[in-house]
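Visitor:
In the working numbering, the protein residues as written are 9 to 299.
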């Protein structure tokens, strides 16, 4: 038996927010692929659930007249992967979500839940960081816009507070247009396993040189991170073996991997450097650059 003390099925967004405000222990359940696992393990922190599965307005994926793309937090990974807007404009989102579990999990799990759980290994976090997604968050007082940068505050922790409901991702056109992107997840058993290291890159180039690099990692620090020193190391340079080695060297100032039963620190550092070079090179190729 799951240790569920309270269960509330929300009829509206306002209803869900009210339920989340009413009990400081209340947690949202959407796809449930993480929450139910934690309940099965006897975790008492998930004993009070607010079910938002009836809120169909949170399943929408759309683009407005200015090119802003919105992905509702209830859209499943499969729905996002298969959506033409995402396939055309956000290929790295497709790449990252395809690494989550198997088809049954992707048919139920949501990208919103993947981000909100605060997991250091969240497969969609690199794409969110590279596309610099904004998160639309509502409570009873207002709606606010929270950048993905700074959303995660520690392992399993985010800025979401009591009564907050995350409703949608917003990806601005200047964050995804004219950019090559690539993602790679290193895991012992592929998609069916938690990432040992996840790495994503977005590259913009002009006249054969990099004008912008966005490089993100999961499981390389206490939270999913961008890598400013490595990003700066490549600016104004071609994407070649020498430049990629400079990026790999600069990464030592950005990452803080740890030892765990999954992998040792030195092994993680080796994978971090290798993946950075791999995804940057692939992102440049996707943009039309060369190695």
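In this text, a Cβ means the ideal position worked out from N, Cα and C, and glycines have one as well.
1) Near residue 86, what residues of its chain come up, given a Cβ to Cβ distance below 6 Å and the 5 sequence neighbours on each side ignored?
2) Please state the DSSP three-state secondary structure of residue 16.
3) CA-CA distance, residue 247 and residue 218?
4) Quick check on DSSP: helix, strand or coil for residue 166?
5) Judging by CA-CA distance, which residue of 226, 249, 292 is the nearest neighbour of residue 280?
6) Do residue 69 and residue 119 have their C-beta atoms within less than 8 Å of each other?
7) Check whether the stretch 136-143 touches the stretch 11-19, taking contact to mean three or more Cβ pairs, one atom from each stretch, closer than 8 Å.
8) Excluding five sequence neighbours on each side, which residues of the same chain lie with their C-beta closer than 6 Å to the C-beta of residue 244?
9) Using only CA atoms, which one of 207, 288, 240 lies nearest to residue 276?
10) Return the first residue and the last residue of the alpha helix (DSSP H) that residue 46 is part of.
11) How would you label residue 45, buried or exposed, when you count the other beta carbons within 10 angstroms and need 16 or more for buried?
12) Need the endpoints of the beta strand (DSSP E) that residue 178 sits in, please.
13) Under a three-way DSSP split, which group does residue 85 fall into?
14) Less than 6 Å between C-beta atoms, sequence neighbours within five positions excluded: which residues of the same chain meet that for residue 179?
15) Excluding the 5 residues preceding and the 5 following residue 93 in the sequence, name in chain order all residues of the same chain whose CB lies nearer than 7 Å to its CB.
16) Would you mind giving the Cβ-Cβ distance between residue 171 and residue 148, rounded to the nearest angstrom? I have them listed as a contact below 8 Å.
17) Can you tell me which of the three DSSP states residue 39 falls into?
18) Report the rounded CA-to-CA distance for residue 56 versus residue 253, giving the unit in angstroms.
19) Compute the distance between the beta-carbons of residue 303 and residue 173, then report whether it is under 8 Å.
Guide: According to the structure data:
1) Taking the first residue of the chain shown as 1, we reach residue 86 at position 78. Closer than 6 Å at the Cβ level, and outside the excluded window around residue 86, lie 114, 115.
2) Translated into positions along the chain shown, residue 16 becomes position 8. Residue 16 falls in the strand class under three-state DSSP.
3) Here residue 247 refers to the residue found at position 239 of the chain shown. Here residue 218 refers to the residue found at position 210 of the chain shown. Those two C-alpha atoms are separated by around 7 Å.
4) Taking the chain shown and counting its residues from 1, one reaches residue 166 at position 158. Residue 166: strand per DSSP, three-state reduction.
5) Within the chain shown, the letter at position 272 stands for residue 280. The candidate whose alpha carbon is nearest that of residue 280 is 226.
6) The count along the chain shown starts at 1 and reaches residue 69 at position 61. The count along the chain shown starts at 1 and reaches residue 119 at position 111. Contact: no.
7) no
8) Mapped onto the chain shown, residue 244 falls at position 236. Within the same chain, residue 244 has close Cβ partners 217.
9) By 1-based counting over the chain shown, the position of residue 276 is 268. The residue with the shortest Cα to Cα distance from residue 276 is 207.
10) For the purposes of this step, residue 46 is identified with residue 38 of the chain shown, where counting begins at 1. Residue 46 -> alpha helix (DSSP H) spans 43-48.
11) Counted from its first residue, the chain shown places residue 45 at position 37. Looking at its Cβ environment, which holds fewer than 16 other Cβ atoms inside 10 Å, residue 45 is exposed.
12) Here residue 178 refers to the residue found at position 170 when the chain shown is read from its first residue. First-last of the beta strand (DSSP E) with residue 178: 173-179.
13) As a first step, residue 85 must be located in the chain shown, where it is residue number 77. It is helical.
14) In the chain shown, counting from the first residue as 1, residue 179 sits at position 171. For residue 179, where only same-chain residues beyond five positions count, the Cβ hits under 6 Å are 77, 139, 141.
15) Locating residue 93 in the chain shown gives position 85, counting from the first residue. 69, 71, 77, listed in sequence order.
16) As a working mapping, residue 171 is identified with position 163 in the chain shown. As a working mapping, residue 148 is identified with position 140 in the chain shown. Residue 171 to residue 148, Cβ: 6 Å. Contact.
17) Your numbering for residue 39 matches position 31 in the chain shown. Note: residue 39 maps to coil in three-state DSSP.
18) Taking the chain shown and counting its residues from 1, the one referred to as residue 56 is at position 48. Taking the chain shown and counting its residues from 1, the one referred to as residue 253 is at position 245. Their Cα atoms are separated by approximately 49 Å.
19) Since the first residue shown for the chain is 9 and the last is 299, residue 303 is missing from the structure and cannot be characterised.
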